[in-house]
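First to last, the sequence lines map onto chains A and B. The first sequence begins at 374 in the numbering used here and counts up one residue at a time. The second sequence begins at 42 in the numbering used here and counts up one residue at a time. Notes follow the structure.
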Amino acid sequence: QSVLTQPPSVSGAPGQRITISCTGSRSNIGAPYDVHWYRQLSPTAPKLLIYANSNRPSGVPDRFSGSKSGTSASLAITGLQADDEADYYCQSYDSSLSTWVFGGGTKLTVL
Amino acid sequence: EVQLVESGGGLVQPGRSLRLSCATSGFRFDDYAMHWVRQAPGKGLEWVSGIDWNSENIDYADSVRGRFTISRNNAKNSLYLQMNSLRPEDTAFYYCARILGYPAGNFDYWGQGTLVTVSA
């Protein structure tokens, strides 16, 4: 059971917009600690996609955006492409547990 | 170019020990805290342990506390994870990762991972 809750899967057609939610609590996202997003193409290592809630590292297209409100955060992907298929994870820090925490991951399928 | 390269994984029997290493290059190692994150086959990411730049602050997940020890050698630009009393549930890919910001920083660079399999 992950501290941060994500939907196990989402899907969308090419060109569409999808969102992935990440729900936490007042000891992590709502503390408020930053939320970060990672993309993983198995079996490779995760790669930073969004940092500090809504910032994109150099090289990440502006089709990817993040937001945060209260105890939840969201990752949005517009103009879906086939190679967006991957697993996406949110991450934050939890002050009650004094640990870094991840969401359970969301598998994105492009139909 | 920032690089993190893990080594030391392998097949080990339950109850035995293993030491993972993470060799880094391309950045000033002693400017950053470093962490280990693991991923069981087919499962999600699990934070394992973290160490700050001068080894004064060290944290562990409850699942490994008392069995795993994180350390670093700034002169060798290297991070380590000593894993004792290994259990089958420790089977996973182990990634070392650089963290930017404390405490709610992001893992901005990751190694390629090393697989640890705990089985009789």
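Every residue gets a Cβ at the ideal spot worked out from N, C-alpha and C, and that includes glycine. Just so you know, these numbers come straight off a predicted model, no measurement behind them.
According to DSSP, residue pairing for Thr396/A in a beta bridge involves Thr378/A and Ser445/A. Using a Cβ-Cβ cut-off of 8 Å, Asp149/B counts as an interface residue toward chain A, since at least one Cβ of chain A sits closer than that to its own.
Inclusion of Met124/B and Phe109/B in the CB contact set at 8 Å is warranted, their separation being smaller than that value. Taking 3 residues as the minimum length, the beta strand (DSSP E) runs contained wholly in the stretch 57–141 of chain B are 59–66, 74–80, 86–92, 99–101, 109–114, 119–124 and 133–141, in order along the chain. In the structure shown, the three-state DSSP call for Asp456/A is helix. The DSSP-derived three-state label of Arg390/A is coil. Shown here, Leu156/B sits in a strand according to DSSP, grouped into three states.
Shown here, Asn426/A sits in coil according to DSSP, grouped into three states, outside any helix or strand. Membership of Arg412/A in the beta strand (DSSP E) is indicated by the continuous run His409 to Gln413. Our two residues, Asp93/B and Ala74/B, have alpha carbons roughly 4 Å apart in a direct line. Interface residue (Cβ-Cβ distance to chain B less than 8 Å): Val433/A is not classified as such.
For Gln153/B, the C-beta contacts it makes with chain A under 7 Å involve Ala418, in order along the chain. Among the CB atoms of chain B, none fall inside 8 Å of the CB of Gly397/A. Here DSSP, grouped into helix, strand and coil, assigns Glu42/B to coil. When only Cα atoms are considered, Ala145/B and Ser468/A end up about 10 Å apart. For chain B, the residues of the stretch 452–479 of chain A that bring a beta carbon within less than 9 Å of one of its beta carbons are Asp460, Tyr462, Gln464, Ser465, Tyr466, Ser468, Leu470, Ser471, Thr472, Trp473, Val474, Phe475, Gly476, Gly477 and Gly478, in chain order. Residues of the stretch 84–100 of chain B whose Cβ lies closer than 8 Å to any Cβ of chain A, in chain order: Gly85, Leu86, Glu87, Trp88, Gly91 and Asp100. Straight-line measurement puts the Cα of Pro55/B at about 43 Å from the Cα of Ser440/A.
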